[in-house]
């Protein structure tokens, strides 16, 4: 589960770099099990805003994955 969290955090970091360059972006996530590679249905993907100094600010958005382990924002 920790590897999933690290993967999601990396995706959010990369997405924040993309958002800094454009006015619009589409984020796609796929959450899979580390040991089997199977998708995780109804997994929670939480995105938090980050301030310019790199600290996490309050608020955020939580979305859930579909039966194929996919979520989009």
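In our numbering, the protein residues as written are 62 to 134. C-beta: ideal position from N, C-alpha, C; glycine also.
Cβ-Cβ separation, residue j to residue i (assumed contact under 8 Å), whole Å
i	j	result
residue 120	residue 102	26 Å between Cβ atoms; not a contact.
Distance, residue j Cα to residue i Cα
i	j	result
residue 133	residue 98	19 Å
residue 127	residue 94	14 Å
residue 117	residue 86	20 Å
residue 114	residue 125	29 Å
residue 88	residue 111	16 Å
residue 100	residue 92	6 Å
Top-ranked residue by Cα proximity to residue i, from the options
i	options	result
residue 123	105, 88 and 87	105
Buried versus exposed, by CB contacts within 10 Å (16 or more), residue i
i	result
residue 108	buried
Unbroken stretches of the beta strand (DSSP E), 3 residues or longer, contained in the stretch 78-122: Listed in chain order, they are 89-91 and 105-108.
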